[in-house]
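Right, one structure below, let's go through it.
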Amino acid sequence: MSAAPFPDWLRPPVGGWTADDLDRLPDLPPHTELIDGNLVFVSPQANFHFRTLRILENGLLAAIPADWDVWREFSIVLDRKNRPEPDLALAPKAADTGPRQTWLRAEDVLLAVEVVSEESELRDREIKPRKYASAGVRYYWRVESDEGRPVVYAYELDPAEESYFLTGIFHDRLKLSHPFPLDIPLA
């Protein structure tokens, strides 16, 4: 009995993978991301992650204008070597190119949301915010667990610096006027 051969994607090409490669590589694990030309595989998510996403997605859907949509676990092409998959993204419905679409353009994304898990701390706190900011994503929310309760850290882009500044920390309610007026109970 011989072992099954390794999939080709375990051997990256010289220079790394590209954003387009994610649609061509067969049998990639679900929710594979591309960061700096490297494939990043995510761990199964805990109940906190699932429930927090439901709260935020439902709250956003209730608050946004009719010509906008919430994209859940859908990748964003930031550049040739970076295609992360935020937990939620806010983009206009006009960004929908049809049923075979697998990614959003960075210029269409107004908000990216990441719910931090133990395995994603470095990516969600440091790497992804820098990349989203450099690509011009105007708002970023990082969601942390405080003993099982969501805490939202809301950021807005300073375009001159290509970095985010903190606009608020929300424990019980996420009440903001930007990107759209919203009031989401977090408990």
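Everything in the sequence shown is counted per the UniProt record's numbering, starting at 1 for the first residue and increasing by one.
Glycine included, every Cβ here is placed at the ideal spot set by N, Cα and C.
Report buried or exposed for residue i, applying the criterion of at least 16 other Cβ atoms within 10 angstroms of its Cβ.
i, result
"A66", "exposed"
"residue 189", "A question about residue 189 goes unanswered here, because the residues of the chain that appear run from 1 up to 187."
"residue 191", "Outside the shown range of the chain (1 to 187) lies residue 191, about which nothing can therefore be said."
"D20", "exposed"
"P86", "buried"
"S120", "buried"
"L60", "buried"
"H49", "buried"
"S100", "The amino acid occupying residue 100 in the given sequence is Arg; Ser does not appear at that position. R100 should be labelled exposed."
Identify which residue in the options has its Cα closest to the Cα of residue i.
i, options, result
"F6", "G136, D27 and A46", "D27"
"T18", "E147, H31 and R83", "R83"
"P129", "E119, R142 and E118", "R142"
"P74", "H171, G59 and D108", "The question names Pro, yet the displayed sequence has Phe at residue 74. The shortest Cα separation from F74 among H171, G59 and D108 belongs to D108."
"T102", "R24, R11, P181 and E121", "R24"
"F170", "P159, D158 and P185", "P185"
"S43", "D158, A160 and E118", "E118"
"P181", "D158, A62 and E161", "A62"
Taking C-beta to C-beta, are residue i and residue j nearer than 9 angstroms?
i, j, result
"V152", "L166", "no"
"G16", "K81", "yes"
"V116", "R105", "no"
"W71", "A89", "yes"
"P150", "I55", "yes"
"A154", "G168", "yes"
"Y140", "I76", "no"
"P12", "N47", "no"
"E156", "R138", "yes"
"L22", "L34", "yes"
"S145", "T32", "no"
In chain order, what residues of the same chain have a beta carbon less than 7 angstroms from the beta carbon of residue i, not counting five sequence neighbours either side?
i, result
"D183", "R173 and K175"
How would you write the range of the beta strand (DSSP E) that residue i sits in, first residue to last?
i, result
"A89", "L88 to P92"
"K175", "R173 to L176"
"W17", "Where W17 is concerned, there is no enclosing beta strand (DSSP E), given that its DSSP letter is neither H nor E."
"S120", "From DSSP, S120 is part of no beta strand (DSSP E); its letter is neither H nor E."
"W9", "Unbroken run through W9: none, as it is neither H nor E."
Quick one: give me the first and last residue of the alpha helix (DSSP H) that residue i is part of.
i, result
"K43", "Reading off the sequence, residue 43 comes out as Ser, not Lys. First-last for S43: undefined, no H or E at that position."
"A133", "K128 to S134"
Give me, in chain order, the residues of the same chain whose beta-carbon lies closer than 6 angstroms to that of residue i; leave out the 5 immediate sequence neighbours on both sides.
i, result
"P29", "F41"
"F135", "The displayed chain sequence assigns Ala, not Phe, to residue 135. So the list reads L78 and A106, once near-sequence residues are dropped."
"D69", "K93"
"L111", "L90, Y139 and P179"
Counting only the same chain and skipping the five closest in sequence on each side, list residues whose C-beta sits under 8 angstroms from that of residue i.
i, result
"P159", "G136"
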